[in-house]
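Reading the sequence shown from the start, the letters are residues 1232 to 1382 in the numbering used here.
Every residue, glycine too, gets a C-beta built ideally from N, C-alpha and C.
None of the values given here were measured: they were computed from a predicted structure.
Right, one structure below, let's go through it.
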Amino acid sequence: MSRFAARMEALSVLYEADERDESIEDALRERLQIQEEGVVTDLRVLPEYAKEIAEGVAAHKEEIDRIIRANSTWKLERMGVVDRNILRMGVWECLYGQPGSTGAYINESVKLAKIYCDSKSVNFIYGVLCAASGRNRGDKGEGPKSIELKV
């Protein structure tokens, strides 16, 4: 499964947790249990990278949300559930993914937004991730250092 497909699956776990008002860990545990039991559902097998994203967002959610708040004029609670979770994934990847891949992580987040969100949300997600990564200040947004400057 491609990394993009893994991101889609991670988004489904984050979305489910957010919609049910449960922890990401609980939603992930439930998804993995269903997978292990071989219950027939319309859910796909959760790839390792999707688990890594969900676990990473769960472990750093407060920090990630603080970064999103610092780079958005919208309150997290007012954002759409999908928008909010695409942003969480994008910020997590920019912070904890491979250094120098910030642009790719932003592009992948925008691709997800184009599938699941309206055009205003796509632009919003792009703008917040660029602001958080420092890409709109003319630097190269090389990852964690750039994001930490905006917290």
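*Sequence-distant residues of the same chain with beta carbon closer than 6 Å to residue 1247, five excluded per side*: 1258
*Enumerate in chain order the residues of its own chain whose CB-to-CB distance from residue 1275 is below 7 Å, with the five nearest sequence positions on each side excluded.*
1240
*asked:* For residue 1235, count the other beta carbons within 10 Å of its own beta carbon; 16 or more makes it buried, fewer makes it exposed. Which is it?
replied: exposed
*Express the C-alpha separation of residue 1233 and residue 1362 in angstroms, rounding to a whole number.*
27 Å
*Hey, out of 1348, 1266, 1285 and 1313, whose CA is closest to residue 1324's CA?*
1285
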